[in-house]
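**Student:**
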Amino acid sequence: MFERSSRRPDAVDFARLACVIAIFAAPVFVILAGSVTARADGSFSLRAWGYLFDERRTVIRALVSSLGFGFCAIGVAFVCCVLPAKTIARSRYRHVAVAEAVLLTPALLPSITFAIGVHQLFIRLGLVDSWFGVLLVLSFVSYPYMLRALVASYDSIDPAYEQCARNLGAGPIRTFLLVELPFLLPGAAAGGSVVFLVAFADYFLVFLIGGGVVPAFTSYLVPFIRSADYSIAGALSIVFLFFPVVLFVAQDRVLTVLLRRRGIPV
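Put into C-alpha coordinates, the structure is as follows:
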(Lines of atoms letter the chains of each structure in order from A and count residues from 1; the text may use other names and numbers.)
(Lines give C-alpha, C1' and ligand atoms only; values in the text may rest on other atoms or scores of the structure.)
Protein backbone atom coordinates (compact mmCIF):
# COMPACT_ATOMS: atom_id res chain seq x y z
CA MET A 1 0.00 0.00 0.00
CA PHE A 2 1.13 3.54 -0.71
CA GLU A 3 1.67 5.73 2.33
CA ARG A 4 0.93 9.41 2.43
CA SER A 5 3.96 11.65 2.41
CA SER A 6 4.75 13.27 5.74
CA ARG A 7 6.29 16.33 4.04
CA ARG A 8 4.50 19.54 4.92
CA PRO A 9 3.47 21.77 2.01
CA ASP A 10 5.83 24.67 1.43
CA ALA A 11 5.52 28.02 -0.34
CA VAL A 12 6.11 26.43 -3.75
CA ASP A 13 3.21 24.04 -3.23
CA PHE A 14 0.90 26.87 -2.22
CA ALA A 15 2.04 28.90 -5.24
CA ARG A 16 1.27 26.02 -7.59
CA LEU A 17 -2.14 25.54 -5.99
CA ALA A 18 -2.86 29.25 -6.29
CA CYS A 19 -1.93 29.19 -9.99
CA VAL A 20 -4.24 26.25 -10.68
CA ILE A 21 -7.11 27.92 -8.81
CA ALA A 22 -6.49 31.19 -10.66
CA ILE A 23 -6.57 29.48 -14.05
CA PHE A 24 -10.00 28.01 -13.39
CA ALA A 25 -11.41 30.89 -11.35
CA ALA A 26 -10.41 33.73 -13.69
CA PRO A 27 -13.04 32.95 -16.37
CA VAL A 28 -15.72 32.70 -13.68
CA PHE A 29 -14.81 36.13 -12.30
CA VAL A 30 -14.89 37.58 -15.83
CA ILE A 31 -18.37 36.14 -16.40
CA LEU A 32 -19.55 37.33 -12.99
CA ALA A 33 -18.21 40.84 -13.66
CA GLY A 34 -19.89 40.88 -17.05
CA SER A 35 -23.24 39.95 -15.53
CA VAL A 36 -23.25 43.15 -13.43
CA THR A 37 -21.95 45.46 -16.14
CA ALA A 38 -24.13 47.72 -18.28
CA ARG A 39 -24.07 46.93 -21.99
CA ALA A 40 -23.76 50.56 -23.09
CA ASP A 41 -21.14 52.28 -20.92
CA GLY A 42 -19.72 49.44 -18.83
CA SER A 43 -20.99 50.81 -15.53
CA PHE A 44 -22.39 48.72 -12.70
CA SER A 45 -25.86 47.42 -13.47
CA LEU A 46 -28.17 44.64 -12.30
CA ARG A 47 -30.19 44.73 -15.52
CA ALA A 48 -29.23 41.15 -16.42
CA TRP A 49 -30.27 39.74 -13.06
CA GLY A 50 -33.46 41.76 -13.17
CA TYR A 51 -34.21 40.27 -16.57
CA LEU A 52 -33.66 36.74 -15.22
CA PHE A 53 -36.04 37.50 -12.36
CA ASP A 54 -38.69 38.83 -14.73
CA GLU A 55 -38.30 35.78 -16.98
CA ARG A 56 -37.87 33.34 -14.10
CA ARG A 57 -40.67 31.04 -15.24
CA THR A 58 -39.09 30.54 -18.66
CA VAL A 59 -35.61 30.18 -17.16
CA ILE A 60 -36.77 27.67 -14.55
CA ARG A 61 -38.66 25.68 -17.18
CA ALA A 62 -35.56 25.45 -19.38
CA LEU A 63 -33.34 24.65 -16.40
CA VAL A 64 -35.62 21.89 -15.10
CA SER A 65 -35.77 20.36 -18.58
CA SER A 66 -31.96 20.31 -18.88
CA LEU A 67 -31.58 18.90 -15.37
CA GLY A 68 -34.08 16.22 -16.34
CA PHE A 69 -31.98 15.36 -19.39
CA GLY A 70 -28.90 15.03 -17.20
CA PHE A 71 -30.42 12.86 -14.47
CA CYS A 72 -32.44 10.65 -16.81
CA ALA A 73 -29.42 10.14 -19.08
CA ILE A 74 -27.47 8.89 -16.06
CA GLY A 75 -30.19 6.35 -15.28
CA VAL A 76 -30.55 5.19 -18.88
CA ALA A 77 -26.78 4.89 -19.32
CA PHE A 78 -26.34 2.93 -16.09
CA VAL A 79 -29.11 0.45 -16.87
CA CYS A 80 -27.87 -0.07 -20.43
CA CYS A 81 -24.18 -0.42 -19.48
CA VAL A 82 -24.22 -2.77 -16.48
CA LEU A 83 -24.42 -6.05 -18.40
CA PRO A 84 -22.08 -5.03 -21.27
CA ALA A 85 -19.54 -3.70 -18.75
CA LYS A 86 -19.60 -6.94 -16.76
CA THR A 87 -19.25 -9.00 -19.92
CA ILE A 88 -16.30 -6.95 -21.16
CA ALA A 89 -14.54 -7.04 -17.77
CA ARG A 90 -15.01 -10.78 -17.18
CA SER A 91 -14.74 -12.11 -20.73
CA ARG A 92 -11.53 -13.80 -21.84
CA TYR A 93 -12.57 -13.79 -25.50
CA ARG A 94 -9.72 -12.38 -27.56
CA HIS A 95 -11.93 -10.08 -29.64
CA VAL A 96 -13.69 -8.47 -26.67
CA ALA A 97 -11.58 -5.34 -27.20
CA VAL A 98 -13.12 -4.95 -30.65
CA ALA A 99 -16.61 -5.16 -29.15
CA GLU A 100 -15.68 -2.56 -26.55
CA ALA A 101 -14.29 -0.25 -29.23
CA VAL A 102 -17.55 -0.51 -31.17
CA LEU A 103 -19.57 0.32 -28.06
CA LEU A 104 -17.34 3.34 -27.38
CA THR A 105 -17.78 4.69 -30.91
CA PRO A 106 -20.28 7.46 -30.00
CA ALA A 107 -17.65 9.06 -27.76
CA LEU A 108 -14.82 8.67 -30.27
CA LEU A 109 -16.52 10.21 -33.29
CA PRO A 110 -17.87 13.75 -33.70
CA SER A 111 -21.58 13.89 -32.98
CA ILE A 112 -22.26 15.41 -36.41
CA THR A 113 -21.15 12.17 -38.09
CA PHE A 114 -24.19 10.24 -36.91
CA ALA A 115 -26.54 13.04 -35.79
CA ILE A 116 -28.04 13.41 -39.25
CA GLY A 117 -28.68 9.66 -39.51
CA VAL A 118 -30.24 9.60 -36.06
CA HIS A 119 -32.40 12.56 -37.06
CA GLN A 120 -33.71 10.73 -40.13
CA LEU A 121 -34.39 7.61 -38.07
CA PHE A 122 -36.20 9.57 -35.38
CA ILE A 123 -38.36 11.27 -38.02
CA ARG A 124 -39.58 7.86 -39.14
CA LEU A 125 -40.16 6.77 -35.55
CA GLY A 126 -41.97 9.99 -34.67
CA LEU A 127 -39.47 10.93 -31.96
CA VAL A 128 -38.37 14.33 -33.26
CA ASP A 129 -39.61 17.46 -31.51
CA SER A 130 -40.19 15.42 -28.35
CA TRP A 131 -38.56 15.43 -24.91
CA PHE A 132 -38.19 11.65 -24.99
CA GLY A 133 -36.44 11.75 -28.37
CA VAL A 134 -33.92 14.29 -27.08
CA LEU A 135 -33.30 12.13 -24.00
CA LEU A 136 -32.63 9.08 -26.17
CA VAL A 137 -30.08 10.80 -28.38
CA LEU A 138 -28.31 12.40 -25.40
CA SER A 139 -28.16 9.02 -23.66
CA PHE A 140 -26.76 7.48 -26.84
CA VAL A 141 -23.87 9.93 -27.15
CA SER A 142 -23.01 9.90 -23.43
CA TYR A 143 -23.34 6.24 -22.40
CA PRO A 144 -19.72 5.33 -23.41
CA TYR A 145 -18.44 7.34 -20.44
CA MET A 146 -20.58 5.28 -18.08
CA LEU A 147 -19.56 2.07 -19.86
CA ARG A 148 -15.87 2.76 -19.45
CA ALA A 149 -16.28 3.63 -15.77
CA LEU A 150 -18.29 0.48 -15.03
CA VAL A 151 -15.78 -1.72 -16.87
CA ALA A 152 -13.04 -0.34 -14.63
CA SER A 153 -15.23 -0.95 -11.57
CA TYR A 154 -15.93 -4.56 -12.53
CA ASP A 155 -12.20 -5.10 -13.08
CA SER A 156 -11.66 -4.26 -9.41
CA ILE A 157 -14.33 -6.67 -8.08
CA ASP A 158 -13.12 -10.14 -7.14
CA PRO A 159 -15.51 -12.69 -8.73
CA ALA A 160 -15.14 -14.75 -5.55
CA TYR A 161 -17.44 -12.28 -3.77
CA GLU A 162 -20.26 -13.06 -6.17
CA GLN A 163 -19.60 -16.78 -5.92
CA CYS A 164 -19.80 -16.62 -2.12
CA ALA A 165 -23.13 -14.80 -2.32
CA ARG A 166 -24.53 -17.44 -4.67
CA ASN A 167 -23.28 -20.23 -2.41
CA LEU A 168 -25.19 -18.61 0.45
CA GLY A 169 -28.39 -18.71 -1.58
CA ALA A 170 -28.53 -15.21 -3.05
CA GLY A 171 -30.09 -14.90 -6.49
CA PRO A 172 -28.74 -12.73 -9.33
CA ILE A 173 -30.69 -9.62 -8.33
CA ARG A 174 -29.80 -9.88 -4.64
CA THR A 175 -26.16 -10.54 -5.53
CA PHE A 176 -26.10 -7.45 -7.72
CA LEU A 177 -27.74 -5.20 -5.12
CA LEU A 178 -25.75 -6.37 -2.10
CA VAL A 179 -22.38 -7.33 -3.59
CA GLU A 180 -21.79 -5.67 -6.95
CA LEU A 181 -23.61 -2.36 -6.58
CA PRO A 182 -21.59 -1.02 -3.60
CA PHE A 183 -18.37 -1.57 -5.56
CA LEU A 184 -19.89 -0.02 -8.68
CA LEU A 185 -21.02 3.18 -6.97
CA PRO A 186 -17.70 5.10 -7.20
CA GLY A 187 -17.31 4.25 -10.88
CA ALA A 188 -20.97 4.97 -11.57
CA ALA A 189 -20.60 8.34 -9.84
CA ALA A 190 -17.54 9.20 -11.94
CA GLY A 191 -19.15 8.08 -15.18
CA GLY A 192 -22.45 9.66 -14.22
CA SER A 193 -20.76 13.02 -13.69
CA VAL A 194 -19.51 13.05 -17.27
CA VAL A 195 -22.84 11.75 -18.60
CA PHE A 196 -24.64 14.52 -16.73
CA LEU A 197 -22.34 17.23 -18.10
CA VAL A 198 -22.70 15.98 -21.67
CA ALA A 199 -26.49 15.78 -21.48
CA PHE A 200 -26.94 18.97 -19.46
CA ALA A 201 -24.65 21.14 -21.60
CA ASP A 202 -25.43 19.88 -25.11
CA TYR A 203 -26.89 22.36 -27.59
CA PHE A 204 -26.55 20.90 -31.09
CA LEU A 205 -28.35 17.59 -30.54
CA VAL A 206 -31.07 19.21 -28.43
CA PHE A 207 -31.73 21.72 -31.19
CA LEU A 208 -31.53 19.12 -33.98
CA ILE A 209 -33.80 16.50 -32.42
CA GLY A 210 -35.90 18.90 -30.36
CA GLY A 211 -36.42 21.21 -33.32
CA GLY A 212 -36.38 24.28 -31.11
CA VAL A 213 -39.61 23.10 -29.48
CA VAL A 214 -38.15 21.15 -26.56
CA PRO A 215 -37.00 23.56 -23.82
CA ALA A 216 -33.37 23.42 -22.72
CA PHE A 217 -31.13 25.81 -20.84
CA THR A 218 -28.51 25.88 -23.59
CA SER A 219 -31.18 26.73 -26.16
CA TYR A 220 -32.11 29.70 -23.99
CA LEU A 221 -28.49 30.77 -23.40
CA VAL A 222 -26.97 30.58 -26.89
CA PRO A 223 -29.15 33.30 -28.52
CA PHE A 224 -27.91 35.85 -25.97
CA ILE A 225 -24.30 34.91 -26.73
CA ARG A 226 -24.93 35.33 -30.45
CA SER A 227 -26.61 38.70 -29.90
CA ALA A 228 -23.54 39.93 -27.98
CA ASP A 229 -25.66 40.68 -24.91
CA TYR A 230 -22.92 39.43 -22.62
CA SER A 231 -24.47 40.75 -19.42
CA ILE A 232 -27.52 38.48 -19.68
CA ALA A 233 -25.37 35.70 -21.13
CA GLY A 234 -23.03 36.07 -18.15
CA ALA A 235 -25.88 35.89 -15.64
CA LEU A 236 -27.25 32.78 -17.35
CA SER A 237 -23.77 31.26 -17.39
CA ILE A 238 -23.44 31.75 -13.63
CA VAL A 239 -26.74 29.92 -13.13
CA PHE A 240 -25.57 27.29 -15.61
CA LEU A 241 -22.37 26.76 -13.59
CA PHE A 242 -23.99 26.88 -10.15
CA PHE A 243 -26.22 23.83 -10.39
CA PRO A 244 -23.63 21.27 -11.61
CA VAL A 245 -21.19 22.38 -8.89
CA VAL A 246 -23.84 22.02 -6.18
CA LEU A 247 -24.94 18.65 -7.51
CA PHE A 248 -21.39 17.29 -7.68
CA VAL A 249 -20.66 18.38 -4.10
CA ALA A 250 -23.90 16.77 -2.93
CA GLN A 251 -23.06 13.62 -4.88
CA ASP A 252 -19.67 13.38 -3.20
CA ARG A 253 -21.21 13.75 0.26
CA VAL A 254 -23.96 11.20 -0.34
CA LEU A 255 -21.57 8.69 -1.91
CA THR A 256 -19.15 9.01 1.00
CA VAL A 257 -21.92 8.35 3.54
CA LEU A 258 -23.24 5.33 1.62
CA LEU A 259 -19.81 3.75 1.25
CA ARG A 260 -18.93 4.26 4.91
CA ARG A 261 -22.19 2.62 5.95
CA ARG A 262 -21.18 -0.36 3.82
CA GLY A 263 -17.82 -0.49 5.56
CA ILE A 264 -15.94 0.49 2.40
CA PRO A 265 -13.01 2.84 3.15
CA VAL A 266 -13.06 6.15 1.30
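Every number in my numbering is 28 more than the matching position in the sequence shown, counting from 1. All C-beta atoms in this analysis are idealised placements derived from N, C-alpha and C, irrespective of residue type, glycine included. Since the structure is predicted, the reported quantities are computational estimates derived from the model, not experimental observations.
1. Suppose you measure from the CA of Val126 to the CA of Ala229; what does that come to, to the nearest Å?
2. Taking just the CA atoms, how far does Ala198 sit from Val250?
3. Within 10 Å of its beta-carbon, does Ile237 have 16 or more other beta-carbons around it, so buried, or fewer, so exposed?
4. Comparing alpha-carbon positions, which option in Leu196, Ser181, Arg122 and Arg194 lies nearest Ala217?
5. Out of Phe106, Ala54, Arg85 and Pro55, which one is the CA nearest neighbour of Phe224?
6. Note down the Cα distance separating Val241 from Val165, rounded to an integer number of angstroms.
7. With DSSP as the reference, identify every bridge partner of Thr115, one or two as the case may be.
8. Between which residues of its own chain and Arg89 is the CB-CB distance below 7 Å, once the five residues before and five after are set aside?
9. Would you tell me roughly how many angstroms separate the C-alpha atoms of Gly291 and Asp280, rounded to the nearest one?
10. If you draw a straight line from the alpha carbon of Ile102 to that of Ser119, how long is it in whole angstroms?
11. Using the Cα positions of Ala43 and Ala53, report the straight-line distance between them to the nearest angstrom.
**Tutor:** In brief:
1. Answer to the nearest angstrom: the Cα atoms are 30 Å apart.
2. If you take the alpha carbons of Val250 and Ala198, they lie about 52 Å apart.
3. With 16 or more Cβ atoms within 10 Å of its Cβ, Ile237 is classed as buried.
4. Nearest C-alpha to Ala217 among Leu196, Ser181, Arg122 and Arg194: Ser181.
5. Residue Phe106 holds the alpha-carbon nearest to the alpha-carbon of Phe224 among Phe106, Ala54, Arg85 and Pro55.
6. Just so you know, the alpha carbons of Val241 and Val165 end up roughly 16 Å apart.
7. According to DSSP, Thr115 shares a beta bridge with no other residue.
8. Here the set comprises Pro243.
9. Counting only the Cα atoms, Asp280 lies some 17 Å from Gly291.
10. Approximately 25 Å, taken between the alpha carbons.
11. Looking at the backbone, the Cα of Ala43 and that of Ala53 are separated by about 15 Å.
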